[in-house]
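Q: Residue numbers (full-length UniProt numbering): 1 to 298.
The following block contains the structure, expressed as structure tokens.
Below, the structure is given as structure tokens:
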């Protein structure tokens with residue numbers, strides 16, 4: 001029987017199949033191949049007739065995977081942001097979208113709380129970047145149907161800093177999602193609720209949605225990002241300018257004759273996007289390929 005892992009707790013895996021949700025254990029031999037099963041894995045299993053539980057017998061090849069949070073086979077990684085308090089730092093958006101683009105996962109920026117602030121500046125930045133951007137309001141329902149259409153039939157993970165209304169958006173997408181919605185703390189200016197694990201939830205009309213831990217859990221160093229020379233491709237708006245720099249091997253940070261830096265100065269690339277690139281570049285510039293191979297990301 002075939003299925004998809006929705007949740008893993010204490011060595012047990014809960015697999016969605018044509019026969020319903022099956023509780024399974026994994027065979028130890030997986031540790032010698034793909035490693036430990038993770039959420040989103042497409043698996044084969046055998047059912048035990050005596051109690052209806054199962055054993056995972058095979059894990060299909062993963063088309064992509066993240067290390068932190070551990071999830072596989074995503075079609076879409078949506079970043080929920082807000083221009084209303086607590087305002088999202090663009091670097092946090094850029095960090096996650098860069099991971100998505102590099103991993104071959106569809107990237108989507110969802111600007112929530114448009115009933116308070118339409119987020120015009122954020123919308124312009126990401127529309128220009130080539131990353132799909134939608135505006136929604138979990139309070140009024142604005143844009144929610146369009147977001148539902150975007151995720152229908154797909155495996156989509158949602159990330160977002162605490163307090164931007166990510167859980168409220170997920171509850172709008174599917175009333176059965178059951179995500180706890182936390183109030184904003186007036187004292188610290190951020191949400192009290194933090195999702196601590198990843199779990200896939202089937203949604204009406206087909207597909208799955210996943211709530212993920214906050215931005216701080218997304219690894220941007222050796223595990224879930226890239227070699228420095230590959231980072232440039234994780235920013236789609238850089239691509240038309242690559243190969244046009246004066247010097248081969250340009251880092252696109254502040255070099256003379258850099259076509260990317262010239263595009264930033266000309267307003268073709270948003271300054272905030274380039275600043276995020278530079279910050280990420282500083283974090284990976286000394287990373288060696290053998291370290292990525294050791295971390296299992298290539």
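Glycine residues also receive a C-beta, built at the ideal position from the N, C-alpha and C atoms.
Remember, predicted model here, so these are calculated numbers, not experimental data.
So residue 252 is in the alpha helix (DSSP H); what residue range does that whole segment cover?
A: For the purposes of this step, residue 252 is taken as residue 252 along the chain shown, with counting starting at 1. Here residue 252 belongs to no alpha helix (DSSP H), and DSSP marks it neither H nor E.
Q: Just the Cα atoms here: how many angstroms apart are residue 183 and residue 114?
A: Stepping through the chain shown from its first residue, residue 183 is reached at position 183. Stepping through the chain shown from its first residue, residue 114 is reached at position 114. With a pLDDT of 40 at residue 183, under the threshold of 50, the modelled position of this residue cannot be trusted, and the question is left open.
Q: For residue 168, which of helix, strand or coil comes out of DSSP?
A: Taking the first residue of the chain shown as position 1, residue 168 is located at position 168. DSSP places residue 168 in helix when its eight states are reduced to three.
Q: Can you find at least 3 beta carbon pairs, one from the region 100-113 and one from the region 125-145, that sit closer than 8 Å?
A: They touch, by the three-pair rule.
Q: Comparing alpha-carbon positions, which option in 251, 128, 259, 63 lies nearest residue 277?
A: Taking the chain shown and counting its residues from 1, the one referred to as residue 277 is at position 277. The shortest Cα separation from residue 277 among 251, 128, 259, 63 belongs to 251.
Q: Starting from the N-terminal side, write out each stretch of the alpha helix (DSSP H) that is 4 residues or longer and does not extend beyond the region 107-131.
A: The region 107-131 contains these whole alpha helix (DSSP H) runs: 120-129.
Q: DSSP on residue 150, reduced to helix/strand/coil?
A: The residue labelled residue 150 in the question sits at position 150 within the chain shown. Here residue 150 sits in helix by DSSP.
Q: Straight-line CA distance for residue 269 to residue 226?
A: Residue 269 sits at position 269 when you count from the first residue of the chain shown. Residue 226 sits at position 226 when you count from the first residue of the chain shown. Their Cα atoms are separated by approximately 21 Å.
Q: In whole angstroms, what separates the C-alpha of residue 158 from that of residue 167?
A: Indexing the chain shown from 1 puts residue 158 at position 158. Indexing the chain shown from 1 puts residue 167 at position 167. Near 9 Å, if we compare the C-alpha coordinates of residue 167 and residue 158.
Q: What three-state label does DSSP hand residue 270 in the structure shown?
A: For the purposes of this step, residue 270 is identified with residue 270 of the chain shown, where counting begins at 1. DSSP places residue 270 in coil when its eight states are reduced to three.
Q: Using the Cα positions of residue 281 and residue 266, report the straight-line distance between them to the nearest angstrom.
A: As a first step, residue 281 must be located in the chain shown, where it is residue number 281. As a first step, residue 266 must be located in the chain shown, where it is residue number 266. Distance between the alpha carbons of residue 281 and residue 266 is about 22 Å.
Q: Give the C-beta separation of residue 76 and residue 105 to the nearest angstrom, bearing in mind that I take them to be a contact with Cβ-Cβ under 8 Å.
A: Numbered from 1 along the chain shown, position 76 holds the residue referred to as residue 76. Numbered from 1 along the chain shown, position 105 holds the residue referred to as residue 105. Yes, they are in contact, since the Cβ atoms of residue 76 and residue 105 sit about 7 Å apart, within 8 Å.
Q: Closest by CA to residue 173, which one among 203, 263, 154?
A: Counting from 1 along the chain shown, the entry for residue 173 is found at position 173. Residue 203 is the option with its Cα nearest to residue 173.
Q: With distances taken between CB atoms, is the gap from residue 80 to residue 15 smaller than 8 Å?
A: Mapped onto the chain shown, residue 80 falls at position 80. Mapped onto the chain shown, residue 15 falls at position 15. Going by C-beta atoms, residue 80 is not nearer than 8 Å to residue 15.
Q: Quickly, what does DSSP pair residue 201 with across the bridge? List them, please.
A: Against the chain shown, residue 201 aligns to sequence position 201. Per DSSP, 209.
Q: Output needed for residue 271: all residues of its chain with C-beta closer than 7 Å, excluding positions within five of it in sequence on either side, in chain order.
A: The sequence position of residue 271 within the chain shown is 271, counting from 1. Result list for residue 271: 264, in chain order.
Q: Taking C-alpha atoms, which residue in 128, 286, 164, 156 lies nearest to residue 313?
A: Past the boundaries of the shown model lies residue 313; the chain is included only from 1 to 298, so the question cannot be answered.
Q: Starting from residue 299, trace the alpha helix (DSSP H) in both directions and tell me its first and last residue.
A: For residue 299 there is no data in the structure shown, the boundaries of the chain being 1 and 298.
Q: Are the beta-carbon atoms belonging to residue 42 and residue 73 less than 8 Å from one another?
A: Counting from 1 along the chain shown, the entry for residue 42 is found at position 42. Counting from 1 along the chain shown, the entry for residue 73 is found at position 73. Yes, these two residues count as a Cβ contact at 8 Å.
Q: Leaving aside the five residues before and after residue 117 along the sequence, list all residues of the same chain whose C-beta is less than 7 Å from its C-beta, in chain order.
A: For the purposes of this step, residue 117 is taken as residue 117 along the chain shown, with counting starting at 1. If we look at residue 117 and ignore the five residues flanking it on each side, its Cβ neighbours are 83, 84.
Q: Assign residue 62 to one of three DSSP states: helix, strand, or coil.
A: The residue given as residue 62 occupies position 62 in the chain shown. Coil.
Q: Taking residue 97 as the reference, which of 244, 201, 285, 234 has the closest Cα?
A: Here residue 97 is taken as the residue at index 97 of the chain shown, counted from 1. Ranking 244, 201, 285, 234 by Cα distance to residue 97 puts 234 first.
Q: Take residue 177 and list the residues in its own chain whose beta-carbon comes closer than 6 Å to its own, dropping the five residues that flank it on each side.
A: Here the question's residue 177 lines up with position 177 in the chain shown. Closer than 6 Å at Cβ, skipping near neighbours: 170, 171, 201.
Q: Quick one, which of 243, 284, 23, 258 has its alpha-carbon nearest residue 51's?
A: Translated into positions along the chain shown, residue 51 becomes position 51. Comparing Cα-Cα distances from residue 51 to each of 243, 284, 23, 258, the minimum goes to 23.
Q: So if DSSP puts residue 16 in a beta bridge, which residue, or which two residues, is it bridged to?
A: Your numbering for residue 16 matches position 16 in the chain shown. BP columns for residue 16 point to 4, 21.
Q: Out of curiosity, what's the CA-to-CA distance linking residue 19 and residue 103?
A: The sequence position of residue 19 within the chain shown is 19, counting from 1. The sequence position of residue 103 within the chain shown is 103, counting from 1. Rounded to whole angstroms, residue 19 to residue 103 spans 32 Å at the Cα level.
Q: Any heavy atom of the ligand GTP within a distance shorter than 7 Å of the CB on residue 250?
A: With respect to small molecules bound, the structure shown includes none, and the ligand GTP cannot be examined in it.
Q: Distance, Cα to Cα, residue 187 vs residue 161?
A: Here residue 187 refers to the residue found at position 187 of the chain shown. Here residue 161 refers to the residue found at position 161 of the chain shown. Low local confidence applies: a pLDDT of 36 at residue 187 is under 50, so the model's placement there is unreliable, with the coordinate-based value given in what follows. When rounded, the distance between both Cα atoms is 17 Å.
Q: For residue 69, is the classification buried or exposed, using 16 other Cβ atoms within 10 angstroms of its Cβ as the cut-off for buried?
A: Working through the chain shown from its first residue, we reach residue 69 at position 69. Buried, because 16 or more other Cβ atoms sit within 10 Å of the Cβ of residue 69.
Q: From which residue to which residue does the alpha helix (DSSP H) around residue 80 run?
A: To locate residue 80, count along the chain shown from 1; it is residue 80. It is not in any alpha helix (DSSP H) - residue 80 instead sits in the beta strand (DSSP E) that spans 76-82.
Q: Would residue 37 and residue 13 be called neighbours here (beta carbons separated by less than 8 Å)?
A: For the purposes of this step, residue 37 is identified with residue 37 of the chain shown, where counting begins at 1. For the purposes of this step, residue 13 is identified with residue 13 of the chain shown, where counting begins at 1. Yes, the pair counts as a contact, with Cβ atoms nearer than the cut-off.
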